[in-house]
Each structure stands twice: as C-alpha cells, then as structure tokens.
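Numbering (this note's numbering), first residue to last: 24 to 292.
Glycine included, each C-beta is placed from N, C-alpha and C at the ideal position.
Keep in mind the model is a prediction, meaning the values are calculated, not measured.
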C-alpha cells in the first residue's frame with residue numbers, strides 16, 4: 024500500500040455514561056491508501072496503528088474495543104475514516120447448584136482531607152516561640168525600659184489527606200439472607216482477615232440484587248492500619264488544647280466502639 028499515515032483525531036474523541044454503562048469512541052484518519060478499492064477498507068482495519076476488537080482503551084480503565092468501522096470519504100481515494108467504539112465487557116456467571124460463585128475481587132484506595140494535631144509518628148505537633156514585651160518605669164525623671172521574654176507553646180493543626188484502602192468482593196449467592204447484612208455490616212474483624220490483624224477491617228456496606236433464583240452480592244471493606252478503635256486525648260481545661268505528653272491509659276486512650284465479627288465466616292476470600 025506504500026507509505027500509510029494513521030492520525031489519531033483527539034478532538035473528535037467522545038465519552039459517554041448512561042444507564043446502560045460507559046462507552047467511548049476514537050476517530051482516526053488514514054492517508055496514503057492504494058490498491059484495489061474493494062480491499063482498501065479491509066487492509067485499513069488491519070493496520071498496526073489501528074486498534075483491534077478486544078484491545079483496551081489507552082487511558083480509560085475497563086473499556087475495550089467493541090467495534091471498528093471504516094468508511095471512505097467522498098472524492099478521496101487515498102484516505103479513510105476509522106471509527107473505533109469502546110465498551111465494557113460483560114460476563115454471565117452461573118452459580119453451581121446450591122452454592123456460590125468465586126468472588127470477583129477489587130482492591131484500591133481513596134482519600135479524604137482531615138485535620139490532625141499529630142505527626143506521622145503519632146506525636147503531638149507543638150509550635151514554640153519567644154514573645155518579648157517591654158515595660159517602662161520612671162524614677163526621679165529617669166525612664167528605665169525592661170524587656171520580658173516569655174516562651175509560648177501552641178498545638179499545631181494541619182490539614183492532610185488520609186488514605187482509605189478498600190477491598191470489594193462480588194459474587195452470585197444462592198443462599199443470601201438479609202440477616203447476613205444485619206450481622207456483618209458496621210462491624211470490624213474479630214480475627215485476622217485478608218492477612219491483616221483484628222479490628223483493621225471495617226465492613227462498610229453489603230449490597231444484594233436478586234437475579235432470578237440467585238443474588239448478586241457485593242461486600243465492601245475499608246482498611247485502617249491503626250485499627251478502627253476510637254482515639255481519645257484529654258484536654259487542658261485552662262487552654263482548651265490537648266494535654267502535653269499524656270499518659271497512655273489516662274490522658275490518652277483507645278476505645279473499641281465497633282462490634283467484632285469473624286469476616287472469615289463469609290468465605291469470600
């Protein structure tokens with residue numbers, strides 16, 4: 024075919040979200056085509072720089088090439104338009120009789136902004152500075168100025184991003200009951216789960232959608248390295264600031280505020 028140039032027309036790409044899912048398109052201009060008109064479009068779709076059916080989208084996750092359409096512009100025998108449409112792959116799960124399908128696992132992390140008075144090691148962040156004031160006294164017509172220095176300490180509060188690692192498992196179940204949601208949702212792991220110690224996983228949500236004789240159930244867990252215990256620090260009544268160097272168990276203490284359950288009973292990982 025000679026020298027063929029494939030141009031990705033970025034300004035003509037599209038992205039769409041609706042109730043049926045997510046889709047996107049990319050448009051390419053191919054120039055330099057030669058040969059039999061009946062084969063040009065076929066050969067155009069086979070060019071190395073033209074995406075093929077099943078190829079992933081270069082920048083949008085979970086999208087794959089669903090179709091490739093080649094058209095020839097009027098009065099342009101050496102050119103062709105290639106419209107590549109991306110969609111999500113769908114799979115149909117069939118649970119074994121009386122059982123559940125293996126879980127589909129998704130892991131990742133989100134983040135949110137919080138305010139904290141402690142550094143990465145859990146130590147109180149304190150600012151210290153020297154405040155100098157002057158006092159003047161006059162005796163016998165002579166004025167004397169004295170400087171007084173005071174050391175001031177203040178707790179420092181910083182806005183930081185806190186990471187929220189999560190684990191989500193989805194599967195079809197034949198024996199789901201609402202009592203499972205009531206038992207596990209809003210609880211923490213009583214024993215090690217997914218390789219991490221007790222009280223580090225929190226069951227954030229359980230969702231179940233009926234599909235015929237089965238339920239599509241998703242379990243969402245959120246991880247916290249320092250456990251999901253509540254942390255309390257006593258406050259100095261005179262300053263309103265957290266007390267300096269509190270004693271563990273007195274001025275500083277952790278409290279278990281969530282019920283514990285054994286997440287391994289779910290049998291999802």
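Under the DSSP assignment, residue 156 falls in the beta strand (DSSP E) whose first and last residues are 149-162. Annotation note: the stretch 46-109 contains the following uninterrupted alpha helix (DSSP H) runs of length 4 or greater, listed N- to C-terminal: 60-68.
A contact is defined here as three or more CB-CB pairs under 8 Å, and the stretch 196-214 fails this definition with respect to the stretch 253-263. Counting C-beta pairs with one atom in each stretch, the stretch 138-156 and the stretch 207-224 have fewer than three that are closer than 8 Å, which means they do not touch.
Shown here, residue 278 sits in a strand according to DSSP, grouped into three states.
Two segments are said to touch when three or more pairs of C-beta atoms, one from each, lie closer than 8 Å; by this definition the stretch 209-226 does not touch the stretch 160-176. Pairing residue 211 with residue 226 gives a Cβ-Cβ distance under 9 Å.
Inclusion of residue 183 and residue 147 in the CB contact set at 9 Å is not warranted, their separation being larger than that value.
Residue 179 is classed as exposed because its beta carbon has fewer than 16 other beta carbons within 10 Å across all chains shown.
Membership of residue 203 in the alpha helix (DSSP H) is indicated by the continuous run 201-207.
Secondary structure at residue 136: strand, using DSSP grouped into helix, strand and coil. Cβ-Cβ separation between residue 90 and residue 73: approximately 12 Å, too far for a contact (criterion under 8 Å). Here residue 157 is not near residue 175, since their CB atoms are 9 Å or more apart. Under the three-state reduction of DSSP, residue 34 is assigned to helix. With respect to the C-alpha of residue 32, the residue from 43, 44, 49 having the closest C-alpha is 49. Across the structure, residue 189 and residue 40 are spaced so that their CA atoms are roughly 24 Å apart. Counting only runs of 3+ residues, the beta strand (DSSP E) found wholly inside the stretch 203-238 occupies 224-234, in chain order. With distances taken between CA atoms, residue 181 lies nearest to 149 out of 149, 169, 97, 192. Put simply, the backbone Cα of residue 99 is about 29 Å away from that of residue 80. Under DSSP, residue 174 shares a beta bridge with 153.
Cα atoms of residue 217 and residue 244: separation of roughly 11 Å, rounded to the nearest angstrom.
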